[in-house]
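Residue numbers (UniProt numbering): 1 to 376. In this text, a Cβ means the ideal position worked out from N, Cα and C, and glycines have one as well. None of these values were measured; they are calculated from a predicted model. Working notes for the structure below.
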């Protein structure tokens with residue numbers, strides 16, 4: 001489970017990690033009110049689960065309440081890499097003297113944890129990792145011993161961070177372990193002009209399998225959709241994009257997600273209907289996907305095998321009849337290949353459903369779905 005920045009900072013605050021004061025706003029008027037409460041210049045930060053917000057124009061400075069209202073109006077509703085901005089974090093502006101990078105993550109290849117710390121943080125950290133990898137200190141962390149005060153001081157010293165950063169690194173490790181996180185990242189972790197260490201941003205991925213041990217209050221609409229899908233026997237995972245994806249077989253669905261991303265769009269979900277693509281299964285799948293307000297188009301990518309393409313096509317036609325008006329909500333791109341593909345395509349052509357578009361190749365179908373999701 002990926003957290004929004006404001007949720008990550010809530011965790012940081014509980015563990016004693018310094019963060020700027022701020023609050024979430026869902027409307028420009030709320031942003032104005034928060035800025036008035038803070039009584040200082042603020043920063044309006046788009047709350048989306050993706051990077052590159054600054055370059056996309058999703059982070060704006062505001063000198064006061066009126067400016068905060070105006071800037072929030074411009075940020076709310078933005079599309080940042082396929083993520084719709086529904087809320088903003090209105091946060092007291094904090095001037096950095098220096099910017100650093102710090103992260104703890106699960107290192108699956110080594111069966112342990114990895115610390116990554118650099119004296120160079122900010123928006124270009126990905127470029128830094130490619131052009132000057134030695135600028136990022138990487139230290140394997142023993143799962144048994146973890147990060148104590150000595151290890152934190154070693155990390156800070158090796159990366160060129162001030163001594164004052166060591167306690168913050170130790171507390172970030174506490175977040176990683178005590179909250180059952182897979183990733184805890186701060187970029188930038190800053191030293192202010194008055195020599196305070198502050199987490200100016202935050203990214204946290206929690207381990208869903210550990211949810212039974214916690215009282216996380218991060219349930220979203222996606223959780224409801226996943227529960228509904230499980231009740232219908234569907235393998236569904238909510239993602240953050242605009243293109244809904246249905247396929248038969250986990251491998252094919254994963255490939256489809258990659259192709260959608262390659263077409264310049266972000267997939268809205270993973271949905272594997274399995275081998276039995278009956279009319280009811282297809283209807284259930286489409287119902288789940290069309291209930292997601294983020295979805296702007298749907299891509300059905302099926303390779304006929306034991307379940308033939310004509311059976312899938314009949315399933316789609318029947319599913320759209322079962323869904324009625326709900327089936328007209330968004331365009332549906334269908335790519336059929338494999339056993340009885342020609343028959344299946346003919347069935348869909350004869351049905352002449354207004355929202356269905358057929359494309360013969362996976363790349364072409366993904367490109368079409370991406371264009372439709374973008375309103376082109």
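Starting from the C-beta of residue 5, find all residues in its chain whose C-beta is less than 8 Å away, skip the five residues before and the five after it, and write them out in chain order. For the purposes of this step, residue 5 is identified with residue 5 of the chain shown, where counting begins at 1. Closer than 8 Å at Cβ, skipping near neighbours: 45, 47, 89, 201, 202, 203.
Exercise. Could you check the C-alpha separation between residue 284 and residue 271 for me, to the nearest Å?
Key: Taking the chain shown and counting its residues from 1, one reaches residue 284 at position 284. Taking the chain shown and counting its residues from 1, one reaches residue 271 at position 271. Taking the straight line joining both Cα atoms gives about 11 Å.
- Alpha carbon of residue 96 to alpha carbon of residue 159, nearest angstrom: For this step, residue 96 is matched to residue 96 along the chain shown. For this step, residue 159 is matched to residue 159 along the chain shown. The straight-line gap from Cα to Cα measures roughly 18 Å.
**Cα-Cα separation, residue 246 to residue 302** = The residue you call residue 246 lines up with position 246 of the chain shown. The residue you call residue 302 lines up with position 302 of the chain shown. For residue 246 and residue 302, the distance between alpha carbons rounds to 8 Å.
field: Separation of residue 163 from residue 157, as counted between CA atoms
entry: As a first step, residue 157 must be located in the chain shown, where it is residue number 157. As a first step, residue 163 must be located in the chain shown, where it is residue number 163. Cα-Cα distance, rounded: 7 Å.
Quiz item: Can you tell me the Cα-Cα spacing of residue 70 and residue 10, whole angstroms?
Solution: For the purposes of this step, residue 70 is identified with residue 70 of the chain shown, where counting begins at 1. For the purposes of this step, residue 10 is identified with residue 10 of the chain shown, where counting begins at 1. If you take the alpha carbons of residue 70 and residue 10, they lie about 26 Å apart.
Q: Measure the C-alpha to C-alpha separation of residue 259 and residue 274 and round it to an integer number of angstroms.
A: Along the chain shown, one-based indexing puts residue 259 at 259. Along the chain shown, one-based indexing puts residue 274 at 274. Their backbone Cα atoms lie some 20 Å apart in a straight line.
- Item | Beta-carbon spacing of residue 121, residue 100 below 8 Å | Mapped onto the chain shown, residue 121 falls at position 121. Mapped onto the chain shown, residue 100 falls at position 100. Taking 8 Å as the Cβ cut-off, residue 121 and residue 100 qualify as a contacting pair.
- Query: In the region 213-278, which residue ranges form an unbroken beta strand (DSSP E) of at least 3 residues, counting only runs that do not cross its ends?
  - Reply: 235-238, 243-247, 269-272
I want to know whether the region 224-237 touches the region 36-43 - three or more CB-CB distances under 8 Å.
no
Check your understanding: For residue 2, which beta-bridge partners are listed by DSSP?
Key -> Working through the chain shown from its first residue, we reach residue 2 at position 2. Partner(s): 205.
May I ask you to list the residues that DSSP assigns as paired with residue 191? Walking along the chain shown from the start, residue 191 turns up at place 191. Paired residues: 98, 197.
Report task. Would you list the one or two residues that DSSP bridges to residue 185? Result -> Here residue 185 refers to the residue found at position 185 of the chain shown. 103, 203, per the DSSP bridge assignment.
**Asked** By the 10 Å Cβ neighbour count, where 16 or more other Cβ atoms means buried, how is residue 7 classified, buried or exposed?
**Response** One-based indexing of the chain shown puts residue 7 at position 7. The residue is buried, with at least 16 neighbouring Cβ atoms inside 10 Å.
Work out the CA separation of residue 196 and residue 29 for me, nearest whole Å. Within the chain shown, the letter at position 29 stands for residue 29. Within the chain shown, the letter at position 196 stands for residue 196. Spanning the two alpha carbons is a distance of roughly 32 Å.
Name the DSSP beta bridge partners of residue 23, please?
Your numbering for residue 23 matches position 23 in the chain shown. Beta-bridge pairing links residue 23 to 90.
Inset, instruction - State yes or no: is the C-beta of residue 344 within less than 8 Å of the C-beta of residue 305? - result: Position 344 of the chain shown, counting from 1, holds the residue named residue 344. Position 305 of the chain shown, counting from 1, holds the residue named residue 305. Cβ distance not < 8 Å, so residue 344 and residue 305 don't count as in contact.
message: I'd like to confirm the pairing. Which residues does DSSP put opposite residue 79 in its beta bridges?
response: Counting from 1 along the chain shown, the entry for residue 79 is found at position 79. 84, per the DSSP bridge assignment.
_residue 60 - DSSP class collapsed to helix/strand/coil_ = Numbered from 1 along the chain shown, position 60 holds the residue referred to as residue 60. The answer is strand: DSSP assigns residue 60 an E or B state.
Q.
Am I right that residue 206 and residue 180 are in contact with their C-beta atoms under 8 Å? What's the rounded C-beta distance?
A. Translated into the one-based positions of the chain shown, residue 206 becomes position 206. Translated into the one-based positions of the chain shown, residue 180 becomes position 180. With 8 Å as the limit, residue 206 and residue 180 qualify as a contact, their Cβ atoms being about 6 Å apart.
Checklist entry - What is the C-beta distance between residue 266 and residue 242, in whole angstroms, given that I count them as a contact (C-beta under 8 Å)? => result As a first step, residue 266 must be located in the chain shown, where it is residue number 266. As a first step, residue 242 must be located in the chain shown, where it is residue number 242. Sure, about 6 Å apart at Cβ, within 8 Å.
Give the single residue among 338, 311, 299 whose Cα lies nearest to the Cα of residue 355.
Against the chain shown, residue 355 aligns to sequence position 355. Ranking the options by Cα distance to residue 355, first place goes to 299.
Nearest neighbour of residue 79, chosen from 110, 33, 49 [CA to CA]
Position 79 of the chain shown holds residue 79. Minimum Cα distance to residue 79 is reached at 49.
- For the 8 Å Cβ check, are there 3 or more pairs between the region 329-337 and the region 363-374? As far as the Cβ criterion goes, the region 329-337 touches the region 363-374, which means the pair count is three or higher.
Measure from the alpha carbon of residue 250 to the alpha carbon of each residue in 235, 3, 261, 244, then state which is nearest. Taking the chain shown and counting its residues from 1, the one referred to as residue 250 is at position 250. Here the closest residue by C-alpha is 235.
Practice prompt. Spatial neighbours of residue 127 within its chain, please: CB distance less than 7 Å, with the 5 preceding and 5 following residues excluded, ordered by chain position.
Written response: Along the chain shown, read from residue 1 onward, the residue named residue 127 stands at position 127. Sequence-distant Cβ neighbours of residue 127 in its own chain, meaning closer than 7 Å and more than five residues away, do not exist here.
Per DSSP, cross-strand counterpart(s) of residue 336 | The residue labelled residue 336 in the question sits at position 336 within the chain shown. Paired residue(s): 302.
CA-to-CA distance, residue 116 to residue 145, given in whole angstroms | In the chain shown, counting from the first residue as 1, residue 145 sits at position 145. In the chain shown, counting from the first residue as 1, residue 116 sits at position 116. The straight-line gap from Cα to Cα measures roughly 17 Å.
Buried or exposed: residue 262, going by 16 or more other Cβ atoms within 10 Å of its Cβ? Taking the chain shown and counting its residues from 1, the one referred to as residue 262 is at position 262. By the C-beta density criterion, residue 262 is exposed, having fewer than 16 other C-beta atoms within 10 angstroms.
_Rounded to the nearest angstrom, what separates residue 93 and residue 21 at their Cα positions?_
The residue labelled residue 93 in the question sits at position 93 within the chain shown. The residue labelled residue 21 in the question sits at position 21 within the chain shown. Each residue's Cα considered, the two are about 9 Å apart.
Quiz item: Got a sec, what are the start and stop residues for the alpha helix (DSSP H) residue 175 sits in?
Solution: Your numbering for residue 175 matches position 175 in the chain shown. Per DSSP, residue 175 belongs to the alpha helix (DSSP H) from 165-178.
Exercise. Would you mind working out which of 111, 33, 325, 237 sits nearest residue 1, comparing C-alpha positions?
Key: Translated into the one-based positions of the chain shown, residue 1 becomes position 1. Considering only alpha carbons, the answer is 237.
Any idea if residue 367 is buried or exposed, counting beta-carbon neighbours within 10 angstroms, 16 or more meaning buried?
Residue 367 sits at position 367 when you count from the first residue of the chain shown. Buried, because 16 or more other Cβ atoms sit within 10 Å of the Cβ of residue 367.
*So residue 344 is in the alpha helix (DSSP H); what residue range does that whole segment cover?*
Translated into positions along the chain shown, residue 344 becomes position 344. Residues 341-351.
For residue 316, which residues of its own chain have a beta-carbon under 6 Å away from its beta-carbon, when the five flanking residues on both sides are left out?
As a working note, residue 316 is residue 316 in the chain shown. For residue 316, where only same-chain residues beyond five positions count, the Cβ hits under 6 Å are 282.
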